[in-house]
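Protein chains in written order, with our numbering: chain A, 1 to 316; chain B, 317 to 906.
The beta-carbon is built from N, C-alpha and C at its ideal position, and this holds for glycine as well.
Below is one structure, written out as structure tokens, with a few remarks after it.
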């Protein structure tokens, strides 16, 4: 059984409960055991702009807490992922920094030696569980659904540190989306930033960037944009709603969390997936799920094909 | 006489201070828009809110909260079992003592006509309740001073609270014990109630009391003759037993009496029972009179806070009620430190040494702020930094045993402080993401002000940026800048930059502008170059620094392996550090 310490960070429990509930439901179906460590604190990401040491201490404390329990960490947030990976990397590479950090952590009896791994939800799904196993757990699939995948900067870059996927031509997330039967579209701005890091700091710039990306996704034919990070999702959901009302626009490109998408095709209850909790409604996506009758028809077709093949080969 | 006068005086002071304190819930200005709302509006709006809650289905929620959270304190139990035992023992024991013992004439006697304090079950219960309080106080002292629970700070109020409870309970127990050993008390009772006059009879009764009740007699000493004791027992049963259960039932008092018995006669001669009675009664009255100003006021305020926050839903509250609620919540805080224990950003304290980073200490500062106390600019800036340094994870609010909506308090207070004109550099960090989401809750016309202010405070320190045509020397001007850029030991890579401009070309922020230099100042490759030359002002003064998304496109694509994004991070850190220190000291000089 795969086991992880679940690192939720600050945003998910406070502002995106549906991401937590849908992730737990999906991972439960896939047989992943999650351990909650109550002492976890902020990953340090928001404070990197202000003080490197504060960032390192916050991040390393989490790693130390997980190491104490001999657990690898799984994050749901790409910014948490990037921060923890960075801190993990520096603690392994930079001895004097490690000593300094551990001296402070030592006040609470903690220390980090670099014995654990940090993973993002998507890499766990792709690498530890694997596409095949996920396929087995599908109860239905989508038909005619076009998804624009959003990778998230802090998962992809700096690639040397985060080791998530190929930073120039990643495919991990697209494969995961296509398991659900949806089509992962090609779009020019796929790897660009969502704009969230500047939300609240420079709103106009942040809105420009978000809008550019969303417009590009829409133009490329996406029905939904799909993210696996609370910052990106909130930017595409709540902030998009704010942008649209402020700039007098409609026709949004709604955002769906990957665990909601996967959960739907696994037949998980939509209350648990929190579909209604998204600010820009996504419940119409359910209409694109194949009905049970279609599924049985499909199976029958497959069986027919098999038998046809068999008879053909028998003839030969 | 003394008892009555001091009781009425303390009751009078208590009531006056109670009115004063409760009125502060309507008087204290706290948060945005509170300046514009009059006291009477706040008062009537609160009454309206309370009435509309009581006469609605919400009354059921109120009842549930009252039983589970106020009486049984499930919120503390959820946090920490030992703490719950401590609190339930102190509060339960003390409340029961108050009802059964202190108010015996009004409550116990009304319920049980035959109530006599020296008869069981009352005698036993009094000691049982008292010992509950003692166990609670011992746990409290143990937690604060021996176990040293992390991030639990003890201030004068906390120590006073422990002290006053200890004084009241211990003086009570010692009073009971000294009365048990005091011969004059025994003598007085015999004279008044026994009606015996035969010296032989008196002697046997006294012997029986010395033997069985712990009285220390100046005339008689153990051991006694069996016959005398039998006689004494008969007399005791006919004259005393109607009002006196055996002393052993008052186990704390009896135990103490046994310990102090060698000094029994001296205790009696020094009139210690009388002295202890004064201490006990005065302790109670001082505690009562001072209650509204002490931590003990949380008995009322925390209950109100739990009830109020139990029924307040997610819908937006009227600004008048929000101000009143938050002023009340300041009194509801017991300084228990749960919030600080669970706070997400607490590691910041290790570097920034500002006590206001701890939620439990923020609230102490906000109390001072709301009460209208004159605070120095430096104090204000420290509070401002403390309340803004919050990742808005809501954990403090979720765990607060008094049910205080701490997160909303931080937000509301920080919004007011940000408008006071002191630059806050934390607004230039992703901590502001939340503020952006809460834009509608802020005062819109002032929303941008703190952001502009922080940027201006930094660029004001960068003279070179303003003189566009100034000729720069070719040799590096600031070597310390270069050596300062080694926090993560990889940022120094900027020296490898050969000016190919790839970073600038791939930057989505640069790409967003028609004329990027006008909007951003120096562009990424120019900043790398400025850092390489040690031109501090140019490196710090560009908007580009604060408009960086940290998307790492530049760093990923740099052919020379320059850690462009990391260099920008470190420049931001250095700029904040230097300007923060400078502006703080200039504020102090004013």
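Alpha-carbon to alpha-carbon, residue j and residue i
i	j	result
residue 867 of chain B	residue 159 of chain A	12 Å
residue 936 of chain B	residue 339 of chain B	Missing from the structure shown is residue 936 of chain B; chain B here goes from 317 to 906 and no further.
residue 347 of chain B	residue 841 of chain B	43 Å
residue 399 of chain B	residue 181 of chain A	53 Å
residue 257 of chain A	residue 76 of chain A	11 Å
residue 3 of chain A	residue 115 of chain A	15 Å
residue 171 of chain A	residue 228 of chain A	14 Å
residue 638 of chain B	residue 892 of chain B	34 Å
residue 711 of chain B	residue 40 of chain A	11 Å
residue 197 of chain A	residue 817 of chain B	23 Å
residue 724 of chain B	residue 91 of chain A	36 Å
residue 513 of chain B	residue 393 of chain B	59 Å
residue 193 of chain A	residue 153 of chain A	6 Å
residue 146 of chain A	residue 22 of chain A	21 Å
residue 777 of chain B	residue 899 of chain B	9 Å
residue 549 of chain B	residue 534 of chain B	20 Å
residue 18 of chain A	residue 272 of chain A	7 Å
residue 176 of chain A	residue 151 of chain A	12 Å
residue 410 of chain B	residue 74 of chain A	48 Å
Cβ-based neighbour list, residue i, same chain, cut-off 6 Å, excluding 5 preceding and 5 following
i	result
residue 268 of chain A	25
residue 621 of chain B	645, 648, 718, 719 and 720
residue 128 of chain A	2
DSSP three-state assignment for residue i, whether helix, strand or coil
i	result
residue 451 of chain B	helix
residue 266 of chain B	The requested residue 266 of chain B is not part of the displayed model; chain B covers only 317 to 906.
residue 641 of chain B	helix
residue 87 of chain A	helix
residue 256 of chain A	strand
residue 149 of chain A	strand
residue 184 of chain A	strand
residue 142 of chain A	strand
residue 331 of chain B	helix
residue 536 of chain B	coil
residue 319 of chain B	helix
residue 17 of chain A	helix
residue 311 of chain A	helix
residue 416 of chain B	helix
residue 776 of chain B	coil
residue 154 of chain A	helix
residue 704 of chain B	helix
residue 636 of chain B	helix
residue 844 of chain B	helix
residue 544 of chain B	helix
residue 514 of chain B	coil
residue 878 of chain B	coil
Proximity of residue i and residue j at Cβ, strictly below 9 Å
i	j	result
residue 97 of chain A	residue 230 of chain A	no
residue 492 of chain B	residue 573 of chain B	yes
residue 758 of chain B	residue 740 of chain B	no
residue 473 of chain B	residue 610 of chain B	yes
residue 72 of chain A	residue 20 of chain A	no
residue 201 of chain A	residue 839 of chain B	no
residue 697 of chain B	residue 738 of chain B	yes
residue 66 of chain A	residue 142 of chain A	no
residue 69 of chain A	residue 35 of chain A	yes
residue 435 of chain B	residue 560 of chain B	yes
residue 864 of chain B	residue 888 of chain B	yes
residue 215 of chain A	residue 235 of chain A	no
Bridge partners - residue i, DSSP secondary structure assignment
i	result
residue 373 of chain B	DSSP output for residue 373 of chain B lists no bridge partner at all.
residue 75 of chain A	A:7 and A:120
residue 33 of chain A	A:3
residue 225 of chain A	A:148 and A:255
residue 289 of chain A	A:142
Chain-order list of residues whose beta-carbon lies under 8 Å from that of residue i (same chain, five-residue window excluded)
i	result
residue 465 of chain B	459, 653 and 657
residue 634 of chain B	361 and 365
residue 305 of chain B	Here chain B covers residues 317 to 906 and nothing more, so residue 305 of chain B does not appear.
beta-carbon residue i near the ligand ZN non-hydrogen atom, thresh 8 Å
i	result
residue 75 of chain A	With respect to the ligand ZN, the structure shown offers nothing to examine, as it has no ligands at all.
Residues near residue i in its chain [Cβ-Cβ closer than 7 Å; skip 5 each side]
i	result
residue 495 of chain B	501 and 589
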